[in-house]
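Heads up: the structure comes next, in structure tokens.
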Ligand code: HEC
Ligand code: HEC
């Protein structure tokens with residue numbers, strides 16, 4: 003059997019960056035796949051300097067982040083609200099769009115390892131696609147009206163959970179650094195809300211010149227972050243720390 007050159011490269015990279023190469027079986031797939039989910043090997047699927055891993059945006063335990071959880075992700079019949087017919091297509095939308103990397107192929111050992119990991123945390127009977135319903139309002143003023151008046155105290159732990167992962171460490175996503183916690187204070191309620199609801203590549207952002215909030219920050223749908231939670235986060239972000 004002919005071995006593609008990039009497969010050897012993938013394994014070398016994994017050994018160097020992620021798990022170390024002890025006496026374990028180098029093809030132990032779920033363990034390798036975990037590295038492509040949440041370690042430096044995952045970030046390296048993106049642009050040079052990208053710090054975001056799949057785990058930055060997708061949990062593996064059922065809890066929401068900006069993306070749907072990976073628990074039970076693998077056997078759904080379509081992805082991204084029908085835009086992505088296969089798991090690989092959906093993953094590649096993130097690898098190329100949010101992380102700024104090169105699309106993986108079905109036989110790339112980095113992908114087969116990651117897929118094996120995703121299957122290992124998925125139940126075959128869960129096949130219904132996740133919904134994709136971003137909250138797109140007319141303009142920044144409409145977000146300002148909807149998201150004014152939150153509770154800054156209630157927003158503190160929510161900020162830490164949903165935003166602090168990137169903003170507290172000014173994480174580089176694709177090639178852009180997240181704004182620092184202090185600098186977030188200078189944005190208006192409407193600007194922050196519109197950014198959180200519509201940032202990123204699909205369905206708006208980088209691909210759509212009319213959107214005012216492009217950039218690699220991911221958007222959060224209301225089923226991941228409720229309007230009340232976002233209102234409180236915004237009040238917290240705009241308060242003194
Ligand atoms: C910067 C954030 C970010 C990163 C990094 C990221 N994703 Fe995503 N991903 C999203 C968002 C946002 C969506 C679309 C909406 C959703 O899933 O809620 C999404 C959607 C998906 C979906 C489709 C979910 C569904 O059921 O429709 C899959 C599969 C996926 N991502 C896989 C990956 C994989 C694999 C990686 C790592 C190689 C990755 N993503 C990295 C943000 C991200
Ligand atoms: C996956 C990492 C990540 C998460 C999670 C995240 N952000 Fe961001 N954010 C970024 C990056 C990177 C930028 C700079 C690039 C850009 O504008 O997309 C940014 C930019 C912003 C901006 C600047 C908008 C502008 O007009 O320049 C605001 C405001 C913001 N984020 C608020 C938030 C809030 C509030 C949350 C939590 C609900 C959040 N972010 C969650 C990565 C993230």
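Numbering (the numbering used here), first residue to last: 3 to 243.
Think of the CB as a built atom: it goes at the ideal place given N, C-alpha and C, for glycine as much as any other residue.
Quiz item: Measuring CA to CA, which of 83, 39 and 190 is closest to residue 142?
Solution: Your numbering for residue 142 matches position 140 in the chain shown. Closest option to residue 142, Cα to Cα, is 190.
(request) Could you tell me which residues DSSP puts in a beta bridge with residue 174? (result) The count along the chain shown starts at 1 and reaches residue 174 at position 172. Beta-bridge pairing links residue 174 to 179.
Does the segment 79-89 touch the segment 137-152, meaning 3 or more C-beta pairs lie closer than 8 angstroms? The segment 137-152 is not in contact with the segment 79-89.
| query | Do residue 59 and ligand 1 come close, with the Cβ less than 6 angstroms from some heavy atom? | reply | Counting from 1 along the chain shown, the entry for residue 59 is found at position 57. Flag set: Cβ of residue 59 near ligand 1.
(Q) Classify residue 67: buried if its beta carbon has 16 or more other beta carbons within 10 angstroms, exposed otherwise. (A) Locating residue 67 in the chain shown gives position 65, counting from the first residue. Answer is buried; the Cβ neighbour count reaches 16.
### Query
Under the three-state reduction of DSSP, which class applies to residue 221: helix, strand or coil?
Here residue 221 is taken as the residue at index 219 of the chain shown, counted from 1. Reduced to three states, the DSSP call for residue 221 is coil.
Original post:
From residue 223 to residue 135, what does the alpha carbon distance come to, in whole angstroms?
Top reply: On the chain shown, residue 223 is found 221 positions in, with the first residue counted as 1. On the chain shown, residue 135 is found 133 positions in, with the first residue counted as 1. C-alpha separation (whole angstroms): 6 angstroms.
### Task
Count the other CB atoms, across all protein chains shown, that sit within 10 Å of the CB of residue 50; report buried if there are 16 or more and exposed otherwise.
On the chain shown, position 48 is the one that residue 50 refers to. Exposed is the call here.
**OP:** Mind listing, in chain order, the continuous alpha helix (DSSP H) runs of no fewer than 4 residues lying wholly within the segment 93-145?
**Re:** 111-122
Would you check if the segment 190-199 and the segment 145-154 touch, i.e. whether three or more CB-CB distances between them fall below 8 angstroms? Result yes; three or more Cβ-Cβ pairs closer than 8 angstroms.
Practice task
Quick one: give me the first and last residue of the alpha helix (DSSP H) that residue 197 is part of.
Solution key: Numbered from 1 along the chain shown, position 195 holds the residue referred to as residue 197. Counting along the chain, the alpha helix (DSSP H) containing residue 197 begins and ends at 191-200.
| field | Which residues DSSP lists as bridging residue 86, in chain order | value | Here residue 86 corresponds to residue number 84 of the chain shown, with the count starting at 1. BP columns for residue 86 point to 81.
So, for residue 59: in the same chain, excluding its five sequence neighbours on each side, which residues have a beta-carbon less than 6 angstroms away from its beta-carbon? Against the chain shown, residue 59 aligns to sequence position 57. Once the five neighbours on either side are set aside, the close Cβ partners of residue 59 are 67, 68, 69 and 220.
**Study point:** Residue range of the alpha helix (DSSP H) that includes residue 240
**Key:** Position 238 of the chain shown, counted from the start, is the residue given in the question as residue 240. Run containing residue 240: 229-240, per the alpha helix (DSSP H) assignment.
Within 6 angstroms: the Cβ of residue 102 and any heavy atom of ligand 2? As a working note, residue 102 is residue 100 in the chain shown. No, the Cβ of residue 102 stays beyond 6 angstroms of every heavy atom of ligand 2.
Original post:
From residue 15 to residue 152, what does the alpha carbon distance come to, in whole angstroms?
Top reply: Numbered from 1 along the chain shown, position 13 holds the residue referred to as residue 15. Numbered from 1 along the chain shown, position 150 holds the residue referred to as residue 152. Here the model assigns residue 15 a pLDDT of 43, short of 50, so the residue's position is not dependable, and the following value carries that caveat. Distance between the alpha carbons of residue 15 and residue 152: 46 angstroms.
Requested in this report: Check whether the segment 109-129 touches the segment 70-81, taking contact to mean three or more Cβ pairs, one atom from each stretch, closer than 8 angstroms.
Outcome: yes
- Helix, strand or coil for residue 165 per DSSP? Position 163 of the chain shown, counted from the first residue, corresponds to residue 165. DSSP places residue 165 in coil when its eight states are reduced to three.
Checklist entry - Mapping DSSP to helix, strand and coil, what is residue 260? => result Limits of the chain in this structure are 3 at one end and 243 at the other, which puts residue 260 out of reach.
- Task: May I ask which residues mark the beginning and end of the alpha helix (DSSP H) holding residue 57?
- Result: Position 55 of the chain shown, counting from 1, holds the residue named residue 57. Segment 56-59, the alpha helix (DSSP H) holding residue 57.
Three-state secondary structure (DSSP) at residue 66?
As a working mapping, residue 66 is identified with position 64 in the chain shown. Reduced to three states, the DSSP call for residue 66 is coil.
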